[in-house]
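Using the UniProt record's numbering, you'd call the opening residue of the sequence shown number 1 and step up by one each time.
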Amino acid sequence: MELQKVKAAIFDLDGTLLDTLGDIGTAANQALCRYGMPAHPISRYRRLVGHGIRTLFRQAVPEGTSEEVYEQALASYLAYYPEHCTVHTAYFPGVQDFLQALLARGIRLAVVSNKTEATSKKIIAHYFPEIPWTFVWGNNGARPLKPALDAGRLACEALGLEPDEILYVGDGDTDMEFASKMGFIAAGVTWGYRDPAELTAAGADFLSDSFPHLAAHLGL
1 MELQKVKAAI FDLDGTLLDT LGDIGTAANQ ALCRYGMPAH PISRYRRLVG
51 HGIRTLFRQA VPEGTSEEVY EQALASYLAY YPEHCTVHTA YFPGVQDFLQ
101 ALLARGIRLA VVSNKTEATS KKIIAHYFPE IPWTFVWGNN GARPLKPALD
151 AGRLACEALG LEPDEILYVG DGDTDMEFAS KMGFIAAGVT WGYRDPAELT
201 AAGADFLSDS FPHLAAHLGL
């Protein structure tokens, strides 16, 4: 696929631009243990990431946990994670070169995540300080989370583009459903937190297993 029609690329954050699982899992486990609940292996959080932190915690607490304890543990996570969100998080190989290649082609870059917006901006600023993002959006309490299309429509407005002029890159079934329904070019990446079959079933236009592979697919 060539990039002639693509004028902007929007990225998911967790599992797409960065491997954030270590920090998310560590923060979630400290909250669970604080309220007497068992911790999970970090790998367990691979299946829980992607639908927002409230959904993650619903699945992380033991069945039968009271609403009060759930809310207390969630509040503990929300206090801890923003201060410790750049401890274990790591780049996926090739991400910096890929972003620079897009910029060199005049492609504008943006982020739409289901992570809390303030934390999304902190992480992106820490790991990609040299990238001139058009916007970094997350859960701000107003825009519904992906796969709701509100953020997609607002992104088109902010970029002044039609959906088919936008490449959306994500690792989750939620991402692919969101991108497919919006009419974005949906690039599913298999280095993240979901299986290839899930990405295809959710509407991915194509799959890539690395940033260099994605660059080659796009003709960069």
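C-beta: ideal position from N, C-alpha, C; glycine also.
Rounded to whole angstroms, what is the Cα-Cα separation between residue i and residue j?
| i | j | result |
| --- | --- | --- |
| residue 219 | residue 61 | 45 Å |
| residue 56 | residue 187 | 24 Å |
| residue 97 | residue 9 | 15 Å |
Mind checking whether residue i and residue j have CB atoms under 7 Å apart?
| i | j | result |
| --- | --- | --- |
| residue 23 | residue 85 | yes |
| residue 76 | residue 34 | yes |
| residue 112 | residue 151 | yes |
| residue 141 | residue 171 | no |
| residue 206 | residue 95 | no |
| residue 209 | residue 194 | no |
Going by DSSP in three states, residue i sits in which element: helix, strand or coil?
| i | result |
| --- | --- |
| residue 215 | helix |
| residue 19 | strand |
| residue 145 | coil |
| residue 190 | coil |
| residue 105 | coil |
| residue 210 | coil |
| residue 14 | strand |
| residue 167 | strand |
| residue 39 | coil |
| residue 8 | strand |
Give me, in chain order, the residues of the same chain whose beta-carbon lies closer than 8 Å to that of residue i; leave out the 5 immediate sequence neighbours on both sides.
| i | result |
| --- | --- |
| residue 144 | 150 and 151 |
| residue 26 | 42, 84, 87 and 88 |
Kindly list the residues whose CB is nearer than 7 Å to the CB of residue i, restricted to its own chain and excluding five residues on each side of it in sequence; keep chain order.
| i | result |
| --- | --- |
| residue 163 | 156, 182, 183 and 184 |
For the ligand HEM, is there a heavy atom less than 6 Å away from the beta-carbon of residue i?
| i | result |
| --- | --- |
| residue 150 | In the structure shown, the ligand HEM is absent, as is every other ligand, since no ligand is present at all. |
- Task: Let me know the alpha helix (DSSP H) ranges lying completely inside the segment 91-140, each 4 residues or longer, listed in chain order.
- Result: Within the segment 91-140, the complete alpha helix (DSSP H) segments of 4 residues or longer fall at 95-104 and 117-127, listed in chain order.
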